[in-house]
Amino acid sequence: MNLEDRYFSPDSAAIARDLYAQIKDLPLICPHGHVEPRLLADPDFSFGTPVDLLIIPDHYIFRMLYSQGITLEELGVPRRDGGEVERDHRKIWQKVCDHWHLFRGTPTGIWLRDELRHVFGIDAKLNSVNAQSIYDALTEKLRHPDFRPRRLFERFNIEVLATTDAATDTLEHHQAIRESGWLGRVIPTFRPDAVVNIDMDGWGESIHSLSAVSGIEVIDYASYIAALEQRRAFFKSMGATATDHAAQTAYTEHLNAHEAEAIFQRGMKGEANADDARRFTGHMLIEMAGMSSEDGLVMQLHIGSYRDHNPLIYQRFGRNMGADIPIVSEFTRNLKPLLDFFGNDRTLTIVLFNLDESTYSRELAPLAGHYPCLRLGPPWWFFDSLNGMRRFFDSVVETAGIYNTAGFNDDTRAYPSIPSRHDVWRRASADWLAGLVVRQIVDEEDAHEMAYALVYQLAKETYKLGDQETELEFG
Amino acid sequence: MNLEDRYFSPDSAAIARDLYAQIKDLPLICPHGHVEPRLLADPDFSFGTPVDLLIIPDHYIFRMLYSQGITLEELGVPRRDGGEVERDHRKIWQKVCDHWHLFRGTPTGIWLRDELRHVFGIDAKLNSVNAQSIYDALTEKLRHPDFRPRRLFERFNIEVLATTDAATDTLEHHQAIRESGWLGRVIPTFRPDAVVNIDMDGWGESIHSLSAVSGIEVIDYASYIAALEQRRAFFKSMGATATDHAAQTAYTEHLNAHEAEAIFQRGMKGEANADDARRFTGHMLIEMAGMSSEDGLVMQLHIGSYRDHNPLIYQRFGRNMGADIPIVSEFTRNLKPLLDFFGNDRTLTIVLFNLDESTYSRELAPLAGHYPCLRLGPPWWFFDSLNGMRRFFDSVVETAGIYNTAGFNDDTRAYPSIPSRHDVWRRASADWLAGLVVRQIVDEEDAHEMAYALVYQLAKETYKLGDQETELEFG
Amino acid sequence: MNLEDRYFSPDSAAIARDLYAQIKDLPLICPHGHVEPRLLADPDFSFGTPVDLLIIPDHYIFRMLYSQGITLEELGVPRRDGGEVERDHRKIWQKVCDHWHLFRGTPTGIWLRDELRHVFGIDAKLNSVNAQSIYDALTEKLRHPDFRPRRLFERFNIEVLATTDAATDTLEHHQAIRESGWLGRVIPTFRPDAVVNIDMDGWGESIHSLSAVSGIEVIDYASYIAALEQRRAFFKSMGATATDHAAQTAYTEHLNAHEAEAIFQRGMKGEANADDARRFTGHMLIEMAGMSSEDGLVMQLHIGSYRDHNPLIYQRFGRNMGADIPIVSEFTRNLKPLLDFFGNDRTLTIVLFNLDESTYSRELAPLAGHYPCLRLGPPWWFFDSLNGMRRFFDSVVETAGIYNTAGFNDDTRAYPSIPSRHDVWRRASADWLAGLVVRQIVDEEDAHEMAYALVYQLAKETYKLGDQETELEFG
């Protein structure tokens, strides 16, 4: 296989190759993801074994194996109760390789293939026979200083990497990175879900933490808002340019001061019900949009995941274990109360992410193609894939154009997969644009500018990641 | 760029070219749209400046610019309160051209490119540098008698053009066209929304108008129905072959005489609530289907738009300002009460339009592939685009066939874009059919007949626009 | 036309041809369908006229003709009241051929073309002129012993054929097949809808039949369950490996013993309401999953059809008359109660079928890509088509992989169309895989294994149709 042309449609591969050539080496803009900042705070951080790096933290991989009858214990995923799990990482690796055929045709299969090849220099296809020798090769590489996270950051040519951090986080790792003198740009993102969703396990504790870190005693709605504003200011001082909010639905509702206070107090007493929680979250989205309008932090909304769908997995292993399942989403009606307040605000940027593709052409593109505050995030999660990207482009661009999208983000906790993920997007963009050129929908000159926007400029501009405050120019 | 093959897939372009060659010059059938009849009533009507013609009335264009932070005032869109808006049309045109990159990959970009080229003879791509010279060239053209609406009608080879007119319209412009001796066929369409949707602003006034124009004093449900019947007969006498109904949902419900009367009376007193309005609209759809079954007017249903979603825009600029957003639609259950009455009526034709593409394969194609009265309208509004058409063909035809579709209509208020819009459909049809041929799903002989049906015959037959009453033959 | 490459995309046809060559002659695994076992019980069964065979029992064909104004009476479909219908089969055949253009671009058109060619040796395209000569040719063939069902079974190379049988069926035809010494493998499937859905016409009678055939007097919930268990054991003894359940929605709910009993008793008295029926069906799905976990029968769930949507057609002609229309489906929330019980059960297999394609990528693939018990059935009914298959592959595989799918089944009552239907799937699989190869998403080695899995191995394994109990190995 000549993998240089991978993912390009044959009927426009020559044009795709040309478009790709001009964007493939651009620096990576990573405005949203889940890399742990401690990796980069410690200059000598080691990833551990290949299984520590590639399998145990990656729910994309172990969910597929689980679906075919392999237990998470067999894969070394730690139990909450500290119960026995497989500790022989060679055995785990062998099991993964024995079942690698399951990943045929999946983005996970592609990412790992590309990652092994381009990050680790391993060209072989994983299988039962070569499992141990590849394990050896990976182990060897991971021991080398070139595979410390900071060295990879530089090699990956990351221009900026945003992490995602709880509102109550002290950002000590970010502090350490700043103080270390290392020049990699790593910035936090303000994610207040744990202090906003009053029906989440441990909300009360989170509020205590919020008081502690903010220095504002949170006793009522007013002090709660004050504490949140304090945290936002702190995050901003640490380089944050964005916030992030996850909600099952896009429901928004503005509560009057009395209602907000009453629900907040019920929450503090542990007496809030599901409807309280839903309304409070919907209200806080509007509040947060207002704060963003003030402080300029870009607001990200991740909508549509039913978290922890499988109670057995949640009880035994906790969150983010591959058991989150999408649900139907609705934006036109749900987001209206928020948009009635801030939809026409040209200084506000809200980036929408969703897991229900039927909303792309029906709601998201029409909304983003009208409201100044809205941009569409790239295909999220299950749709961060070649077909997902293709459907996104085909469903969204005709109505919203590309300039109402937010470019790409990798949204990953799998650090060494970052270049592969960006490369898939870059190739998918080049391929899609080549299809427009060959059908004469746009000319090559436009396609080149669109490619640059899609893979670099739009993310940088949307998330205000320019070096100066200068607004970027298109066209 | 050799634009002659534009929009064709490379792998079947030769076949597409051949199919297209045989349909490209067929007359245009325009059974649904929003061209104002006064354009054609006045033989000397002038379009004004290029901005009057191309920008100010076109919400496809200004909604995109608005989404990127340009105000409608800057674009010269008139305010309801008569407030200040930009009057320098050269300045507006420059602003549009400065931002023309926003339309890359959009149908609007394609339509305007094709329109400039084929209607105005301008081949250049709009940009900041050539904006003023293109403005000059357009101004020059628009002064010439060849660019009067009637001359364009002839040059466009329009066989018939249907306008869309309020039930209370006197059709004076249609009368003037008839009396003028000009031979262009321009017919009205009966659109009773303003007198049917009792929660619409100004319903009471519309009922007064209905009394006035019909000569029937509308005081109760019976006189209301009588007045509507009178209007339908009048429209039909003026050449109308169809009605048009817009509703947020496809909800239908048959009210008994007592309920209908009660809701109507609450409406007359200004006491109808939202549920009354919903039920009354749902009932009137059934009533109107019944009237169509009697008088033979084809019934169009446009379902799924949340109109005037942005209150600021509505208050300041009014309706049809690019702030209508689609919502989820449902037909299987909602349309059942109507179909229980008239679904098996072979003399009735109902044409369905929708903005929720997930209904195409799930509901619309299965319904149209069974019920004799149903036909599917072409991709509507945001989906009147190359991808929209492709998805429509791919989702609908396998279950409903092409002969349960209604061919194409341009649905536009942008008069000079009519040929471009039909040409996009003709090319999209040829391209899709060529894909069937090259995959040997149909042979070339069938593909030629299908092309003719899709771009000419089906619209003509569905809307009963034949010169004689002769039924058209297929196959 | 060189039909050998039919349905292949030109840009990867060479690879598709190569993949197809290796799978085209594999035996047919038919784990789900509606062939009547009496065809195969009687060694001398004759299909009757071409119209008896191809038109009257095929709602795909007569629904399309009905949608264009041809009555079912004209097509010879028997009325429930014994009323007059067309009996001249030559006249019916002529009418079908006169309207054959309606099937252009539809799977029905493709199946019949392929069937005429490959089963009957007729290459001509149906039309008004050749209708009678083709009728003659078909009649001639059907008289020949080679066209007895058993001979065709062997010629079609069917490895196993599962029928679908009421829970109360005595399976006499299956018994007869077994006793006849003929070696064709024909097995029943346990379909208990008529005894589970308490709002179905004739539920009470079905319960009487259940008592009669099981020998257990069904008087309460406990005896009802016992009788169902008896029937399952009987079906299993007759070779069944699966059950099948149709429900309008995927709603599941576990009732406690008291509630279940109460609803059952209301059903027995004819007093159950719609909500009772909905909850009881939802409960029984969980019960049946539990039984499957015990007895190993694979559980099929067909969700999302609004049956008998057209009351006139139902009253006049009964069920399965082309008037079933899909509705919106939801799985993430609806299936959770069942999955909370059995989702992690690695010995249970549930195969999901659906008519709402928006659930593919949003819910079905994420669910199947996590829960060990779930597999996705192939595109069902309206989606058993080239585009339906393509959308299924493109929407499902990236998240669930192919190994969480159940391969193909033809789901047909049109016996001689079985090879055509499998061939369309085989070609669609080869074409899709060739697209992956040419884009270098998988290599040719993997593609060959995937092709084998998709067209043969996955169906055989999912439905436990191996000759021995040996578990099949992949990869």
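Chains as they are written, first to last, in numbering that gives the first Met the number 0: chain A, 0 to 474; chain B, 0 to 474; chain C, 0 to 474. For each residue, glycine too, the CB sits at the ideal point set by N, CA and C.
* **Beta-carbon neighbours of Glu-329 (chain A), restricted to chain B and to distances below 7 Å** => Val-327
* Could you spell out where the alpha helix (DSSP H) holding Glu-258 (chain A) opens and where it closes? => 256 to 267
* Of all the CB atoms in chain E, is at least one closer than 8 Å to the CB of Phe-352 (chain A)? -> You won't find chain E in this structure, because its protein chains are A, B and C.
* **Three-state secondary structure assigned by DSSP to Ile-157 (chain A)** => strand
* Starting from the beta carbon of Tyr-313 (chain A), find every residue of chain B whose beta carbon is closer than 9 Å, and list them in chain order. => Those do not exist, as Tyr-313 (chain A) stays about 30 Å from chain B at its closest Cβ, beyond 9 Å.
* Asked: Leaving out five residues before and five after Leu-38 (chain B) in sequence, what residues of the same chain have Cβ atoms less than 6 Å from its Cβ?
  -> Phe-44 and Pro-148
* Determine contact between the stretch 238 to 256 of chain A and the stretch 205 to 214 of chain A, defined as no fewer than three beta-carbon pairs at a distance below 8 Å. => no
* Asked: Looking at the structure shown, is Cys-372 (chain C) part of a helix, part of a strand, or coil, going by DSSP?
  -> coil
* **Host beta strand (DSSP E) of Leu-27 (chain A) (start-end)** => 27 to 29
* To do: Name, in chain order, the residues that DSSP records as bridge partners for Ala-165 (chain A).
  => A:Arg-190
* Asked: Beta carbon of Ile-22 (chain A), beta carbon of Val-454 (chain A): below 8 Å?
  -> yes
* chain B within 8 Å of Phe-473 (chain A), Cβ atoms only -> At Phe-473 (chain A) the pLDDT is 41, less than 50, meaning the model places this residue with poor confidence; the figure from the coordinates comes in the next sentence. With 8 Å as the cut-off, Phe-473 (chain A) counts as an interface residue toward chain B.
* Asked: Roughly how many angstroms lie between the CA atoms of Met-199 (chain A) and Arg-62 (chain A), to the nearest whole one?
  -> 24 Å
* **Beta-carbon spacing of Phe-263 (chain C), Tyr-220 (chain C) below 8 Å** => yes
* Cβ-based contacts, 8 Å cut-off: residues of the stretch 340 to 374 of chain C near chain A -> Gly-342, Asn-343, Arg-345, Ser-357, Ser-360, Arg-361, Glu-362, Ala-364, Pro-365, Leu-366, Ala-367, Gly-368, His-369, Tyr-370, Pro-371 and Leu-373
* To do: In the DSSP assignment, find the alpha helix (DSSP H) that holds Leu-115 (chain A) and state where it starts and stops.
  => 106 to 117
* Asked: Using a C-beta to C-beta distance shorter than 8 Å, which residues of chain B count as neighbours of Tyr-65 (chain C)?
  -> His-369 and Pro-371
* To do: May I ask which residues mark the beginning and end of the beta strand (DSSP E) holding Met-237 (chain B)?
  => Neither: Met-237 (chain B) is in no beta strand (DSSP E) and is coded neither H nor E.
* Answer yes or no: does any C-beta atom of chain A fall closer than 8 Å to that of Ala-322 (chain B)? => yes
* **Asp-145 (chain B) at chain A interface by Cβ criterion, 8 Å** => no
* **Proximity winner among B:Ile-176, B:Leu-432 and B:Phe-155, relative to Glu-35 (chain B) (alpha-carbon distances)** => B:Ile-176
* To do: On the DSSP bridge assignment, give the partners of Met-298 (chain C) in chain order.
  => C:Thr-242 and C:Ile-349
* Consider the C-beta atom of Gln-264 (chain A) and the heavy atoms of the ligand HEM; say whether any pair is separated by less than 7 Å. => The ligand HEM is not among the ligands present in this structure, which contains no ligands whatsoever.
* Asked: Considering Met-449 (chain A), what are the terminal residues of the alpha helix (DSSP H) in which it resides?
  -> 443 to 451
* Where Pro-42 (chain C) sits in the DSSP three-state scheme -> coil
* To do: Measure the Cβ-Cβ separation of Ala-239 (chain A) and His-31 (chain A) and say whether it is below 8 Å.
  => no
* Span of the alpha helix (DSSP H) holding Gln-21 (chain C)? -> 12 to 22
* Asked: Excluding sequence positions up to five away, which residues of its chain have a Cβ less than 6 Å from the Cβ of Asp-323 (chain B)?
  -> Ser-304 and Arg-306
* Pairwise C-alpha distance: Asp-57 (chain C) and Ala-399 (chain A) -> 44 Å
* To do: Please name the residue or residues paired with Pro-325 (chain B) in a DSSP beta bridge.
  => B:Ser-304
* To do: Please name the residue in C:Thr-48, C:Thr-167 and C:Leu-457 whose C-alpha comes closest to that of Gln-131 (chain C).
  => C:Thr-48
* Buried versus exposed call for Glu-470 (chain A) [16 or more other C-beta atoms within 10 Å across all chains shown] -> Residue confidence is low: Glu-470 (chain A) scores 40 on pLDDT, short of 50, so the model does not pin down where it sits. Its coordinate-derived value is still stated next. Exposed, since its Cβ has fewer than 16 Cβ neighbours within 10 Å.
* To do: With distances taken Cα to Cα, identify the nearest neighbour of Tyr-59 (chain B) among B:Gly-108, B:Leu-27 and B:Ile-91.
  => B:Gly-108
* To do: With 8 Å as the threshold, decide whether the Cβ of Met-449 (chain A) is near any Cβ in chain B.
  => yes
* Close beta carbons around Phe-279 (chain B), own chain, < 6 Å, minus the five adjacent residues each side -> Ile-197 and Ile-262
* Asked: For Ala-429 (chain C) versus Ala-13 (chain C), is the C-beta spacing smaller than 8 Å?
  -> no
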